[in-house]
Each structure stands twice: as structure tokens, then as C-alpha cells.
Amino acid sequence: LVPDDVIIGIIRDRIARPDCANGFILDGFPRTIPQAEALESILAEMHLNLDAVLEICIDPEKMVERLANRRVCRNCGAVFNLITYPPPADGKCPKCGGEIIQRDDDKDETVRNRLAVYEKLTAPLKRFYAKKGLLKTINGDDTIENVYEKILKKIGPDFQ
């Protein structure tokens with residue numbers, strides 16, 4: 458993980474920009490309780506409130522399987538899945554002709570290590586935000602479209 462002081466500075470600078478004046482989404486931050494506390498301080502200084510925290514839950518074994526089957530285009534980043542949306546047999550991206558690869562961080566051992574780090578450092582955030590009434594949990598064991606619809610239902614019309 459990036460050191461807290463570095464990532465907190467980046468977040469502070471980013472959400473101070475004019476394009477965040479009407480709201481913003483943070484993905485993958487905060488990851489620890491100290492980061493969450495720092496975010497609260499930043500938002501208080503800016504007279505902003507955190508409206509919701511989304512947790513998309515998925516069975517760990519399904520996550521490992523999904524990521525192990527994910528492939529991406531080295532050039533344009535197009536995403537494929539060997540099971541649900543396989544890349545062409547020639548290994549070339551249909552969008553740009555780039556090489557389709559498996560990212561190192563999608564390999565089984567790496568995913569399992571990331572899950573262990575999540576459980577140790579990030580999982581306590583669930584309690585932190587649940588106590589504040591901000592945590593909204595979504596079942597991610599579904600299609601992208603259905604998960605998207607579940608998110609919209611959880612966050613409500615104020616965010617749409």
C-alpha cells in the first residue's frame with residue numbers, strides 16, 4: 458500500500474479541484490482506519506460530508522476465479538473473461554489489435570495475498586462506517602449490469 462501521508466495528500470489535492478464541487482466517488486480509498494479518519498478531517502475542513510460507503514461483496518473463491526480468468530489488452534485496456542467474454546482465439550484485441558494478456562496481479566497467488574491484506578487492513582472499515590450509518594453492502598455475485606442496478610437502488614435518487 459502507498460504510505461498514508463502520500464495518498465492522503467493526493468486525495469486532499471484531488472477533491473479540492475473544481476470538478477469535484479458537486480460530488481465525487483472514491484474507489485479503493487480509504488483502505489485503513491487512519492485513512493478514514495484523515496478523510497473525515499479533510500472533508501470537515503472543506504465543509505463536505507461523506508454520503509455513503511459502498512461495499513461490493515463477493516465470495517472470495519469466486520473473486521479468485523473471476524480474476525484468474527480476466528484478460529486485458531496491453532494497449533487499450535479492453536477487458537475479457539475466458540468464461541463469460543472470451544478474447545479472440547488469435548490473442549489479438551478486436552478493438553485495437555493489441556496483445557491480450559493476463560495481468561500479474563490477476564494471478565491466483567497474488568489475488569489471495571491481496572485478499573489477506575484486505576481482511577487485515579480494510580475489513581475493519583466496515584464496522585467503522587456501519588457505526589456511522591454510511592455503509593451500504595451490495596452482493597457482487599451477479600452480472601455487471603445487475604450489480605450496477607443494485608448500487609443505484611442502494612444509493613437512491615439523490616445520487617443519480
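Residue numbers for the sequence shown follow the working numbering, so the first one is 458 and each next one is one higher. Where is the CB? At the ideal position from N, CA and C, for every residue including glycine.
Next on the checklist: Could you compute how far the alpha carbon of K552 sits from the alpha carbon of I515?
Outcome noted: If I take the Cα positions, the gap works out to 30 Å.
Checklist entry - So K588 is in the beta strand (DSSP E); what residue range does that whole segment cover? => result Premise fails: K588 lies in the alpha helix (DSSP H), P581 to K588, not in any beta strand (DSSP E).
Checklist entry - Cα separation between I608 and I601? => result Each residue's alpha carbon lies about 11 Å from the other.
Checklist entry - Counting pairs of Cβ atoms below 8 Å between the region 462-469 and the region 493-504, do you hit three or more? => result Because the criterion of three Cβ pairs below 8 Å is met, the region 462-469 and the region 493-504 touch.
Next on the checklist: Closest to R569 by C-alpha separation, out of K611, K519, A478 and D547, would be which residue?
Outcome noted: It is K519 whose Cα lies nearest to the Cα of R569.
Checklist entry - Three-state secondary structure (DSSP) at T594? => result If DSSP states are grouped into helix, strand and coil, T594 belongs with the strands.
Next on the checklist: So the candidates are R488, I558, T567 and K577; which of them puts its Cα closest to the Cα of V459?
Outcome noted: Nearest Cα to V459 within the set R488, I558, T567 and K577: R488.
Next on the checklist: Can you tell me where the alpha helix (DSSP H) holding R469 begins and where it ends?
Outcome noted: In this chain, the alpha helix (DSSP H) harbouring R469 covers D461 to I472.
Checklist entry - If you check the beta carbons only, do F481 and R471 fall under 9 Å apart? => result Yes, the pair counts as a contact, with Cβ atoms nearer than the cut-off.
Checklist entry - Just how far apart, CA to CA, sit A501 and L507? => result A direct Cα-Cα distance of roughly 10 Å separates A501 from L507.
Item to check | Where K549 sits in the DSSP three-state scheme | outcome: Strand.
Item to check | Distance, P517 Cα to I595 Cα | outcome: Each residue's alpha carbon lies about 15 Å from the other.
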